[in-house]
Every structure is written in C-alpha cells, then in structure tokens.
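Contents: one structure, followed by commentary.
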Amino acid sequence: MFKAPRGTKDILPEESYKWQNIENIGRKIFSLYGYQEIRTPVIEDIELFKRSLGAHTEVVEKQMFVIPRDEENYVLRPEATASIVRAYLENSLENKAGFSKFFYIGPMFRAERPQKGRLRQFHHLGVEAIGAKDPYLDAEVINLATKLLLEFGIDGYEFKLNTLGCPEDKKKFAEILRKVLKNEINHFCPDCQNRYTRNVFRILDCKNEACRALIQKIKIDYKEYLCKDCLSYFQDLKNILDFSKIKYIITPHLVRGLDYYTGTVFEISHPDLGSQDALGAGGRYDGLIKELGGKEIPAIGFAFGMERLLLVKSLKVESLKERPNLNTYLITLGQKTKAKGFILLDQMRSAGISCEMDYENKSLKAQLRKANDLGVDFVIILGEDELKKDTLILKNMVS
RNA sequence: GUGGGUGUAGUUCAGCCUGGCAGAACACUUGACUGUGGCUCAAGAUGUCGCGGGUUCAAAUCCCGUCACCCACCCCA
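If you count the first sequence from 1, you need to add 2 to reach my numbering.
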C-alpha cells in the first residue's frame, strides 16, 4: 500500500470543513484591514531563499526540497515572504501600487524530522505590508494578529515582543554578545558553542537549563546596541500598544532564526502546542527588498501555522457536526423506480434542494438508516406501489 | 543528523512481563409479523498481530535486524 510521504497529511472532509472555516475567518478579517490576496508559485529559484533567509540558516542548509530541472535548481518554498517580495519587485508594484498590503494562505515545505506541530508540508496564513515604516503600521499588524486569534476563539497565548534594531544595530549587538559571552562560552552546551560563531543570537533562546541560567545573569541593556532612532521607534510602538490596550510581553531574548528580520519582531506562543510552541511569528524586514535587488523599501509581516492553530483546544471554528445537512434522501426500490427517481433527483437539485439517492441497491431499512445517519430532514420513498399510482411518500424525519 | 516510545479487526485499544485456540468496545451486515430510521435485543462477518530472520514441540508474546508512525533534541510558523 502507498503511504503519504513522511511529514505530509491528508486532510479528510471532516477536517477540511474546519480548514475552510479558518480560511474564511482569515479572509474576512484581512479584508477588513485592507489586505488583498496574493498567490505566488509553490516552486521558486533556490537562490531566492539563499539570499533572503540567509545561506547559513538551518532552513536553507538542511531543509530545502530541491527540484533539479532543465539545468536549474528549483525548490519548494519553505516560506512565503521572499516569494512575495520577489513578486512585488518583478511586477514593479513599488511604482504601480506603492505601499501594498497582501495576505496569503498556502502550503510551505521544509524537510524536517516531523513531530508535534511540525510537518514537512505545512500551511501558513499570513500578511505582508510592503512600503512603509511607521510604528502605527507595526501596531496595526500586531492588532491584526490578535484580532485573528480572537476570531478563532484562541486564548491563553503569550504575545512576545522585541526589537533587533536596524541592520547596523544587529551587527553591533552580535559583537557585544560575543564579547560578553567570550569568557563564559565554555560553560554553555555544545549547541550554544556552535551558535557562538554561527548565529550568536540563538544562544539567548537556548532551552538548556544551565544555559538559561547563565543567560539570565547577562544584563542586556538596549541602549548599548540600539541607535536612537530604533530606541524611540520601539518606545513609540509600545506606547501605541499600551494606548490600544494590546497586551504584550517584552522578551529581550526573543530572536528570529531567519536573516532578513530587523527591528520589531514578535512571536505568539501557546502552551497547548508542545515543544514547538510558536503559533505564529513575524516582524520587520526593512533590508530585504534591497537585498533582493530593489530600492530601500521597508516592510513588515507575520504568519500563523495553520496546523498549529488546529492544535489549540480553545479553537472554536465550526466542525463537520455543524455543517449544513443534506435536506432530502430519496429512496427507490427496484430498477424501474430508480429511473424515475433519477429524474426527480435532478429536479430537486435544480430547485436548490440538496438531495441524494442510493447507489448500492440497499434494502428499504438500510436506506432509511443511511438517511438517518446523514441527518436529513425529509425522505422521499418511491416504490413499486407509488410508481403504479404515480405518487410518492414524503416522510418528515424530524417529526 | 541524534535519542526515547509505539506498531494487534474499519477505528480506539487489551493481550506481551510469566510462550499454549486472535480478543473487547465502537462501527458494519442481517433479523425481531414480508415496504419504514433513531432506542433495545439477538445473530453474524471482519486480521500478513508492521515486515524479515532466529530460539522453541509451540511465538502477537522471547532474541536480532528492518521499516513506519509518534514524541523530544536541533531549527522554525
């Protein structure tokens, strides 16, 4: 027997109904906030992700699905932001549309070892706002993320907020971190010792208890690495969030694993998720458009993991039980009645009445049981007697 | 890439420790005055015990290998 490839899942009708509802809620809210849908290809040039995510990130080095073809290397997209920036530039949207707000829903691919909340094909639902840098825009994006959670019925999450500063600040921060950690690094776990040279920010994020304790001791003073503009920008954002009564937790140790993030970053985590506890995350990427060959254009975005939303117990989107039931089940008994029933079935449907009939030649009793399982309101019985008298029986299943 | 756990009916699982006829519940089929559902009762069908090898008179059970899934590390949404 064939099996779905490792880390992929079939979404069967019962669950599919839930997915549609999540997507519908998303579309409704995105539209309220003025975001328009963008659909980009699932395959992209491998270089796009090397340039945007960073050639030395885990995602690019180890998790890409590479498709060699026609002497070129395509990859299944591991995320959407790079594709959307590519589309923005390729279609000259900075000239045609200027500041643009996009939303997207679709599958992403990373060749990881599957576990709870982590698949090789997973689905993102997210937004990108390209062409403006204003703390109010950051606040809108954050507000949009929390609005979605509210609409999904998800509570009990944590909203973590931090700033990485502008690209120059990031560099400075990395230097400071290395300096502070230099004499201590031998006390950290082997992973962290690796991170020291590779991605020093991640040491702040280590789950190892010993490392955490050491990190707690390190006092990180924003003023040491953030420039004045970044500091006041972040302060403005916090003021706006406070004023709008949006709750957040300042998390100085929150760093992102992808190279393109700058400035405002955030992550939404939830205890229902297990080890992979990020429900969604995002932030500014003010240097990415230029990195991909455009002008210096600022941008911000975030994405939720659909599979992770579905892991939250408080999620209250309708499931199959609340689906609109089939209205009528048509029972026929014997081949002659079936012919007439088939015409009747079409007439019912043309009149907008959902209706089904039996194709398994079951007994009357079995057909009624089927009708009951389907939860129909009415059953039409068309048997030999009815056929002779040119009549039929309409049975109200509820009363 | 590294570690731990689990693979038995359509589904959820028991049985494994201590080897001896393959089990339960739910679901399914049929029947209970011939053509009337739900509730109840009765009867019935359903298996490569993940796969391969070994030990044994005898293996779902013990041993070795292998594959798959789940969880965790790493990394990320």
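Even for Gly, the Cβ is constructed at its ideal location relative to N, Cα and C. Bear in mind the structure is a predicted one, so any value in this text is a computation, not a measurement.
Straight-line gap, residue i to residue j (C-alpha atoms, nearest Å)
{"i": "residue 99", "j": "residue 361", "result": "54 Å"}
{"i": "residue 132", "j": "residue 355", "result": "46 Å"}
{"i": "residue 200", "j": "residue 280", "result": "23 Å"}
{"i": "residue 233", "j": "residue 167", "result": "8 Å"}
{"i": "residue 127", "j": "residue 39", "result": "11 Å"}
{"i": "residue 176", "j": "residue 255", "result": "13 Å"}
{"i": "residue 267", "j": "residue 292", "result": "19 Å"}
{"i": "residue 78", "j": "residue 228", "result": "36 Å"}
{"i": "residue 116", "j": "residue 68", "result": "18 Å"}
{"i": "residue 42", "j": "residue 58", "result": "25 Å"}
{"i": "residue 359", "j": "residue 373", "result": "9 Å"}
{"i": "residue 335", "j": "residue 368", "result": "11 Å"}
{"i": "residue 396", "j": "residue 311", "result": "44 Å"}
{"i": "residue 10", "j": "residue 120", "result": "10 Å"}
{"i": "residue 6", "j": "residue 401", "result": "45 Å"}
{"i": "residue 287", "j": "residue 351", "result": "52 Å"}
{"i": "residue 343", "j": "residue 398", "result": "18 Å"}
{"i": "residue 122", "j": "residue 363", "result": "43 Å"}
{"i": "residue 44", "j": "residue 182", "result": "42 Å"}
{"i": "residue 33", "j": "residue 83", "result": "19 Å"}
{"i": "residue 383", "j": "residue 365", "result": "12 Å"}
Sequence-distant residues of its chain with Cβ nearer than 6 Å to residue i (five each side left out)
{"i": "residue 203", "result": "257"}
{"i": "residue 327", "result": "377"}
{"i": "residue 198", "result": "187"}
Presumed contact (8 Å Cβ cut-off) between residue i and residue j, rounded CB distance
{"i": "residue 154", "j": "residue 27", "result": "6 Å"}
{"i": "residue 370", "j": "residue 333", "result": "7 Å"}
{"i": "residue 330", "j": "residue 380", "result": "4 Å"}
{"i": "residue 54", "j": "residue 262", "result": "5 Å"}
{"i": "residue 161", "j": "residue 250", "result": "5 Å"}
{"i": "residue 353", "j": "residue 243", "result": "The Cβ separation is near 54 Å, so there is no contact."}
{"i": "residue 260", "j": "residue 87", "result": "Contact flag wrong, Cβ pair sits at about 13 Å."}
{"i": "residue 139", "j": "residue 35", "result": "About 11 Å separates the two Cβ atoms, so there is no contact after all."}
{"i": "residue 80", "j": "residue 111", "result": "6 Å"}
{"i": "residue 394", "j": "residue 386", "result": "Wrong, their Cβ atoms sit about 12 Å apart, outside the cutoff."}
Short Cβ contact (7 Å threshold) for residue i with residue j
{"i": "residue 24", "j": "residue 319", "result": "yes"}
{"i": "residue 85", "j": "residue 46", "result": "yes"}
{"i": "residue 300", "j": "residue 135", "result": "yes"}
{"i": "residue 265", "j": "residue 165", "result": "yes"}
{"i": "residue 150", "j": "residue 252", "result": "no"}
{"i": "residue 296", "j": "residue 91", "result": "yes"}
{"i": "residue 306", "j": "residue 282", "result": "yes"}
{"i": "residue 235", "j": "residue 137", "result": "yes"}
Cβ neighbours of residue i in the same chain (closer than 8 Å, five flanking residues each side left out)
{"i": "residue 216", "result": "186, 189 and 190"}
{"i": "residue 143", "result": "129, 131, 284, 302, 303 and 304"}
{"i": "residue 273", "result": "158 and 279"}
{"i": "residue 65", "result": "80, 112, 113 and 114"}
Same chain, Cβ closer than 7 Å to residue i, five either side skipped, listed in chain order
{"i": "residue 316", "result": "155, 156, 157 and 158"}
In chain order, which continuous runs of the beta strand (DSSP E) of length 3 or greater are located wholly inside the stretch 121-197?
123-132 and 160-165
Just to confirm the assignment: which complete alpha helix (DSSP H) runs, minimum length 4, are found wholly within the stretch 90-116?
95-98
For the stretch 284-309, which segments carrying the alpha helix (DSSP H) assignment without a break, of at least 4 residues, lie completely within its bounds, in sequence order?
290-293
Runs of 3 residues minimum, wholly inside the stretch 206-286: which ones carry the beta strand (DSSP E) assignment?
264-271 and 280-286
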